[in-house]
Amino acid sequence: MMKNNVNSLIIGIAVVLAAFLFSNAFKNRNQSNDTISVTGLGKKDFVSDLIVWSSSFSKKNMNLKEAYAALDKDREIIKSYLISKGIPESNIVFSAVNINKDFEYTYDGNGNTRQQIFTGFSLSQNVQIES
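Residue numbers (the working numbering): 3 to 133.
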């Protein structure tokens, strides 16, 4: 009989503890730990020691070699312009050229692709300036 009471007591404590843990988890489920609390006022001027500018440029042409030549010409124009504005050449980074084939699609009445028409090559390149 004593063994039954001990078992019942253990089960009862486990149920109460589980209910407490579940209710606590349910209560705190939407609390965010990624908060910033501010008290008072602070102000400080500073000079940034790094700036990164990113941009991209692109060309489209039916002929891949012509598109690449036009993109290369634009790259040289951009590079010359940036150098003329005082940016050292070592701070200018051009990425690899991205090449995509562009197509126009026609569809039948069921939405299935009926025809794929090549519309040219799209070439793009990113430029990043760190100073």
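Glycine included, each C-beta is placed from N, C-alpha and C at the ideal position.
Please return the same chain residues whose Cβ sits closer than 6 Å to the Cβ of residue i, not counting the five positions on each side in sequence.
i: residue 106; result: 119 and 121
i: residue 76; result: 59
What do you get for residue i, buried or exposed, if any count of 16 or more other CB atoms within 10 angstroms of its CB means buried?
i: residue 69; result: buried
i: residue 127; result: buried
Can you find the residues in the same chain that come closer than 8 Å, C-beta to C-beta, to residue i, ignoring five residues on each side of it along the sequence?
i: residue 114; result: none
For the alpha helix (DSSP H) containing residue i, list its first residue and its last residue.
i: residue 94; result: Run containing residue 94: none in the alpha helix (DSSP H); it sits in the beta strand (DSSP E), 94 to 96.
i: residue 74; result: 66 to 86
i: residue 133; result: Per DSSP, residue 133 belongs to no alpha helix (DSSP H) and is neither H nor E.
i: residue 6; result: 4 to 29
Which residues in the same chain have their Cβ closer than 7 Å to the Cβ of residue i, if we skip the five residues on either side of it in sequence?
i: residue 142; result: In the structure as shown, the chain begins at 3 and stops at 133. Residue 142 is therefore absent and cannot be evaluated.
i: residue 73; result: 61, 99, 125 and 127
i: residue 53; result: 133
What's the C-alpha gap between residue i and residue j?
i: residue 9; j: residue 21; result: 18 Å
i: residue 71; j: residue 46; result: 49 Å
i: residue 32; j: residue 40; result: 21 Å
Within the continuous beta strand (DSSP E) that includes residue i, where are the two ends?
i: residue 104; result: 100 to 109
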